[in-house]
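Input: a single structure, listed below in structure tokens.
Set out below in structure tokens:
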């Protein structure tokens, strides 16, 4: 791709955010007269030039539908679309490309499993197990499935520090359990969960496990094979890629058994007026024209992360998270939710500032060009469990540096001063 | 502190936020309605005591940000003792103003003018609107003798 500056790995297998920043045009923006300090990466990340250019080039030079044309453009588009699929398969641990289903995002991936695998395999008195720290996307589909199937929905609880409490895991994941759905990293607390232990227990009782990797894959080295996850789901836009593209990884054996939930073009092998047969994996689950431009963009996003190395990214985030936690901790009026050990958490930091509502805080920070999220972060039950209606969340990524954290801290000090004036 | 913020968090607004009027829930309201903005978590309850075509008393219980609390407090202050017709007019005028439409406020609506600056912060308009929309829905239910339904401005 033209115009990208190669990121440089600095000593100690870390990345240099100040070099990486040059690849992200949006970081040159001024917001309300200040440089943009983008700390809303758990919602979506910014895109490097290589991703933006690739999507632009698709529409300028290669635009065609995939898999069904016999002309040059269709061939080019199909090749690019499938090569991104292969990159995804490689990125998460070298699975088969046919085990990678393109979806619109994590939410659609989970819904697909709940509606297809779930409806076929979960019945009355069966049990579905999730955790108290799930995003609505990994909660509501299971709630609906449980209601529809007259099954039980059980929650693995969290403790006061924001870790999963696995003391009773053997009774929670019992013999009736058909599926366990768990996030690898909380989008509110930043907690990195011991999914290997949960998978181990689930497999002992014959249950399958879906891992919500939306917050994990962008930040940690992930290998779904060594994890032995049955389903693994995530979104492109939280890892430098475009919105509207997500991934469902499933073990071939499970995907083969599953019925499609959407029907139409592409997903069939043979259609007659009175019958239809399904296409092979992964196409069986990809009805209609997919997000081809998205696949064009996601390829360079994966290349970018691969070039940096997920270990190096993780090391950078551990260091920056530790710095942020320390700085926030110095402010007596700031309460941090979630684990304080940076080795067991990611760079998602939710907090509240005494006597300032998160929305007011977000407005004050925005006036300084600082973008954070305020609200319940699509995890209302968890937020309520923390005793809050909403919290403020700052979330870090590869291009954030210590200056960004310092700006946040300055913004919080200003906000306190401002709201304390009456 | 930067000027634009001062436009949003005017002294009057901060005063209402720190000591909201009508915050104590009415014991036996004639009608009440809830308002919720699910994505931000703001929750409000507007309760009315209705006399002979007047609002005899009002309470606005609000869990939310400075803008939604202040807006609700100003609502309570503005409508107490007014006739139902007047209240309907005030509420729809304020709603139009918050939505950015050109409307003139009458002199007696006085302080409510400060809410106009919320316009400059598009993401916060829904906060200021919540109490007013909840009130308008409440009055409609009263008029049509229908059950109230949770309001929202998202």
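Chains as they are written, first to last, in the numbering used here: chain A, 2 to 423; chain B, -10 to 143.
No residue lacks a Cβ here, since even glycine has one placed at the ideal position from N, Cα and C.
| Query | Result |
| --- | --- |
| Compile a chain-ordered list of the residues in the region 18 to 33 of chain B whose CB is closer than 9 Å to at least one CB of chain A. | 27, 28, 29, 30, 31, 32 |
| Who are the Cβ neighbours of residue 279 of chain A in its own chain at under 7 Å, not counting the five residues just before and after it? | 261, 268, 269, 270, 285 |
| Where in the region 41 to 94 of chain B do unbroken runs of the beta strand (DSSP E), each at least 3 residues long, occur, reported from the N-terminal end onward? | 44 to 52 |
| Quick check: the Cα distance between residue 337 of chain A and residue 30 of chain B, rounded to an integer number of angstroms? | 19 Å |
| What does residue 375 of chain A pair with, by DSSP beta-bridge criteria? | A:393 |
| Could you tell me the alpha carbon to alpha carbon distance between residue 34 of chain A and residue 304 of chain A, rounded to whole angstroms? | 34 Å |
| With respect to the beta strand (DSSP E) encompassing residue 280 of chain A, which residues constitute its N-terminal and C-terminal limits? | Counting along the chain, residue 280 of chain A falls outside any beta strand (DSSP E), and DSSP gives it neither H nor E. |
| Given that residue 53 of chain B touches chain A, what residues does it touch there, using C-beta distances under 7 Å? | 358 |
| Give the straight-line distance between the Cα atoms of residue 369 of chain A and residue 350 of chain A, rounded to the nearest whole angstrom. | 19 Å |
| Hey, would you say residue 276 of chain A sits closer than 8 Å to residue 107 of chain A, going by beta carbons? | no |
| Any C-beta of chain B sitting closer than 8 Å to the C-beta of residue 276 of chain A? | no |
| Between the region 99 to 114 of chain B and chain A, which residues of the former have CB atoms less than 7 Å from a CB of the latter, in chain order? | 110, 113 |
| Please check if any C-beta of chain A sits within less than 8 Å of the C-beta of residue 9 of chain B. | no |
| For residue 79 of chain B and residue 122 of chain A, what's the separation of their Cα atoms in angstroms? | 57 Å |
| What three-state label does DSSP hand residue 36 of chain B in the structure shown? | strand |
| Check each candidate in A:393, A:202, A:119, A:22 and name the one with the smallest Cα separation from residue 43 of chain A. | A:393 |
| Buried or exposed: where does residue 31 of chain A fall if 16 or more other Cβ atoms within 10 Å of its Cβ makes it buried? | exposed |
| If you check the beta carbons only, do residue 314 of chain A and residue 27 of chain A fall under 8 Å apart? | no |
| Is residue 41 of chain A close to chain B? Criterion is C-beta to C-beta, closer than 8 Å. | no |
| On the CB-based measure, 16 or more other CB atoms within 10 Å of its CB, does residue 64 of chain B come out buried or exposed? | buried |
| Name, going along the chain, the residues of the region 386 to 399 of chain A whose beta-carbon falls closer than 7 Å to a beta-carbon of chain B. | 390, 391 |
| Taking CB distances under 8 Å as the criterion, tell me whether residue 87 of chain B reaches chain A. | no |
| Taking 8 Å as the CB-CB cut-off, is residue 364 of chain A touching chain B? | yes |
| Hey, residue 93 of chain A and residue 139 of chain A: beta-carbon distance below 8 Å or not? | no |
| Does DSSP put residue 82 of chain A in a helix, in a strand, or in coil? | helix |
| Since residue 186 of chain A contacts residue 220 of chain A with CB under 8 Å, what's their CB separation in whole angstroms? | 7 Å |
| Count the C-beta pairs between the region 79 to 97 of chain A and the region 296 to 303 of chain A that are closer than 8 Å, then say yes if the count reaches three, no if not. | yes |
| Since residue 246 of chain A and residue 292 of chain A are thought to touch, with beta carbons under 8 Å apart, how far apart are those beta carbons, to the nearest angstrom? | 5 Å |
| Considering only C-alpha positions, which residue in the set A:37, A:380, A:344 is nearest to residue 316 of chain A? | A:344 |
| Less than 8 Å between C-beta atoms, sequence neighbours within five positions excluded: which residues of the same chain meet that for residue 70 of chain B? | 43, 44, 45 |
| If we ignore side chains and look at the alpha-carbon of each, how far apart do residue 126 of chain B and residue 32 of chain B end up? | 15 Å |
| Quick one: Cα of residue 57 of chain A to Cα of residue 63 of chain A, how far? | 10 Å |
| Using a Cβ-Cβ cut-off of less than 9 Å, list which residues of the region 366 to 379 of chain A approach chain B; keep chain order. | 367, 368, 369, 375, 376, 377, 379 |
| Is the distance from the Cβ of residue 117 of chain B to the Cβ of residue 94 of chain B below 8 Å? | no |
| Please state whether the Cβ-Cβ distance between residue 193 of chain A and residue 230 of chain A is less than 8 Å. | no |
| Compare the beta carbon distance of residue 266 of chain A and residue 289 of chain A with 8 Å and say whether it is the shorter of the two. | yes |
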